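S.K.:
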Amino acid sequence: MAILGNIIKGFINLKDTFTSEIVHTEAQKEVLEQLLEKAKDTQFGTHYNFRSILNSNNSTKTFSETIPYFDYNKLNNQWWHKLHKDEEDVTWPGRPSYFALSSGTTGKTSKRIPVTDDMIEAIRQAGIKQVFALKNFDLPGDFFEKEILMLGSSTDLEEKDDHQEGEISGITASNIPSWFRGYYKPGEEIAQIDDWDERVQHIAQRAEEWDIGALSGIPSWIELMLQKVIEHHNLNHIHEIWPNLQVYTSGGVAFGPYEKSFKALLGQPVTVIDTYLASEGYIATQVRPETDAMQLNTDNGIYFEFVPFQPDYINEDGSLTNDAPALTLDEVELDQDYALIISTVSGAWRYLIGDTIEFTDIERAEIKITGRTKFFLNTVGSQLSVNKMDDAMRKLEEEFQTTIPEYTICAQRSEEDDEFYHCWYLGSELENADVVRIAESLDESLQSANKNYKVARSKALKGVKVKVIPPSKFYDWNARNKKKGGQVKMERVMGEDKFAEWETFLAES
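Residue numbers (this note's numbering): 1489 to 1997.
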């Protein structure tokens, strides 16, 4: 009998009984006031006169009217670069204890994003919220006695003067509370291994020693790890070695594209819980099983704004136009894509994080990630967002009885007829793929789902070209350009120059 597990489960249920429901719009007003108050004497707060904003009749409105939008490059060039010159109180009081290294999906050069002690605490509180939300998923008591395998980047952070640097998953894993370490796998020694393949090999070798109840990590890398464990132990599926695996906490990207290939590695269903942890903060987490949407962490160190994701407000490089309107939580609507803007306890202000979201429940502040601002394909007016592309992949999976966990696309002018084509590479193990039939089906699906795409196909967009390659080619590309594991994600949309590099890489490999 799972005595300890039932005690923990009972405590979680009791804690929720005495916790009042968050009014998200009110929580956001309080968070903004707290951010402005704490940062009012920083260089940034003095420059933009936070005291005046705090004293205004409508601090929310004055805040949005006073401070411009920033992306990483703009904020780093104007402000954060001072942190690397030993300056203090730049955009947040003091100096950050960590810098999160993130190249995301956009390039080889790592961004260095400040992670303050206040942000570490905010992430910890969001993690606690996630744990207490488990009561909604009706898990058995013995689940709370099982071990949790967290597959992120290395926890062996690099020492730099008075701070440490690493990917955000490595930073958070290195800050897990002492009471959690008995549950945490692969353990500190393996987690510090920098080489991803070597770390996964050690996990595979030790796998039978552990009683894993939950997994956590980016879907593509979790899948590769599971495949390695299955191969190493000559298994049919992962539940043969981890029979008590009941929960997978996904993060970093939408889980949908990986659902079918992930389930193929299991012997029985598991509960999938989506989370949204970025280098800039813990944005949202799924708190109930009736939906796969995630609840914004509205009361904990991040103030959110939302820019309608429309062509008039988005520049070609994915940045926002100066006149793009920013909405607050009480102004948003359902079924509308928004570019997400955050201000945080790490000193990011009106910061374009690069993701697009839509609301599924405004009162509960629940969202889904729909894509990236830079992965919005609008060449010749096609207006394709990543969520529309993901939906098309799911239809192809069903029609052709395969899995397509990875893909990339480029709008490319053909040298043969000087016309524009959408050129797709699909990651699938489909043998003898009929690429002409797949291209026709993909084209029909997108025309049916997107009227702008349909109009483009009748005018300047000549057609669709498809090539099917093994999913491993996408992971090899990431390994060559960035680094395996951690926060690394595949570019869904490429410009012509990057696409030429991609095709050269495929030809050479």
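Built from N, CA and C at the ideal position, the CB exists for glycine as well. Everything numeric in this text was worked out from a predicted model, so none of it was measured.
Apart from the five residues just before and just after residue 1794, which ones in its own chain have a Cβ nearer than 6 Å to its Cβ?
M.R.: Result list for residue 1794: 1815, 1820, 1826, in chain order.
S.K.: Would you list, in sequence order, the uninterrupted alpha helix (DSSP H) runs of no fewer than 4 residues that lie entirely inside the stretch 1608-1690?
M.R.: Entirely contained in the stretch 1608-1690, the alpha helix (DSSP H) runs reaching 4 residues are, in chain order, 1656-1662, 1676-1679.
S.K.: In chain order, what residues of the same chain have a beta carbon less than 6 Å from the beta carbon of residue 1552, not counting five sequence neighbours either side?
M.R.: Here the set comprises 1814.
S.K.: Whole angstroms are fine: how far does the CA of residue 1966 sit from the CA of residue 1997?
M.R.: Roughly 13 Å between the two C-alpha positions.
S.K.: If I follow the unbroken beta strand (DSSP E) through residue 1783, where does it start and stop?
M.R.: Segment 1782-1784, the beta strand (DSSP E) holding residue 1783.
S.K.: Which residues share a DSSP beta bridge with residue 1999?
M.R.: In the structure as shown, the chain starts at 1489 and stops at 1997, and residue 1999 therefore has no counterpart that could be examined.
S.K.: Nearest CA to the CA of residue 1956: which residue from 1560, 1913, 1941, 1946?
M.R.: That would be 1913, whose Cα lies nearest to the Cα of residue 1956.
S.K.: Mind the definition here: the stretch 1845-1854 touches the stretch 1914-1933 only if three or more C-beta pairs lie below 8 Å; say whether that holds.
M.R.: No, they do not touch.
S.K.: Answer with buried or exposed for residue 1894, where buried requires no fewer than 16 other C-beta atoms within 10 angstroms of its C-beta.
M.R.: That one is buried.
S.K.: Mind pulling the beta strand (DSSP E) runs of 3 or more residues that sit fully within the stretch 1875-1940?
M.R.: Correct list: 1894-1901, 1908-1915.
S.K.: So, for residue 1621: in the same chain, excluding its five sequence neighbours on each side, which residues have a beta-carbon less than 6 Å away from its beta-carbon?
M.R.: These residues qualify, in order along the chain: 1775.
S.K.: What do you get for residue 1995, buried or exposed, if any count of 16 or more other CB atoms within 10 angstroms of its CB means buried?
M.R.: Classification for residue 1995: exposed.
S.K.: Which residues in the same chain have their Cβ closer than 8 Å to the Cβ of residue 1759, if we skip the five residues on either side of it in sequence?
M.R.: If we look at residue 1759 and ignore the five residues flanking it on each side, its Cβ neighbours are 1625, 1627, 1734, 1735, 1736, 1777.
S.K.: Please report how far the alpha carbon of residue 1476 lies from the alpha carbon of residue 1652, in whole angstroms.
M.R.: With the chain covering 1489 to 1997 only, the question about residue 1476 has no answer from this structure.
S.K.: Could you give the distance in angstroms between the alpha-carbon of residue 1639 and the alpha-carbon of residue 1897?
M.R.: Rounded to the nearest angstrom, the two C-alpha atoms are 28 Å apart.
S.K.: Can you grab the Cα-Cα spacing for the pair residue 1986 / residue 1762, in whole Å?
M.R.: In a straight line, the C-alpha of residue 1986 is about 30 Å away from that of residue 1762.
S.K.: In its own chain, which residues sit with a C-beta less than 6 Å from the C-beta of residue 1631, not counting the 5 before and 5 after it?
M.R.: Excluding sequence neighbours, residue 1631 sits near 1701, 1734.
S.K.: Once DSSP output is grouped into helix, strand and coil, what is the label at residue 1549?
M.R.: Residue 1549: helix per DSSP, three-state reduction.
S.K.: Our contact map puts residue 1541 next to residue 1837 with C-beta atoms below 8 Å; I'd like the distance itself, whole angstroms only.
M.R.: Not really, about 11 Å apart at Cβ, beyond 8 Å.
S.K.: For residue 1498, is the classification buried or exposed, using 16 other Cβ atoms within 10 angstroms of its Cβ as the cut-off for buried?
M.R.: Note that residue 1498 has pLDDT 46, beneath the 50 cutoff, so the model's placement of it is unreliable and the number below is only indicative. Burial call: exposed.
S.K.: Determine the extent of the alpha helix (DSSP H) in which residue 1813 is found, giving its start and end residues.
M.R.: Run containing residue 1813: none; DSSP gives neither H nor E here.
S.K.: Roughly how many angstroms lie between the CA atoms of residue 1937 and residue 1677, to the nearest whole one?
M.R.: C-alpha separation (whole angstroms): 49 Å.
S.K.: What do you reckon, are the CB atoms on residue 1787 and residue 1952 nearer than 8 Å?
M.R.: Cβ atoms of residue 1787 and residue 1952: not closer than 8 Å.
S.K.: From what residue to what residue does the alpha helix (DSSP H) around residue 1985 run?
M.R.: Element bounds for residue 1985: 1984-1996.
S.K.: What is the rounded straight-line gap between the Cα of residue 1747 and the Cα of residue 1771?
M.R.: Their backbone Cα atoms lie some 22 Å apart in a straight line.
S.K.: Three-state secondary structure (DSSP) at residue 1733?
M.R.: Three-state DSSP puts residue 1733 in coil, outside helix and strand.
S.K.: Could you check where the beta strand (DSSP E) with residue 1702 kicks off and where it finishes?
M.R.: Start and end: 1700-1705.
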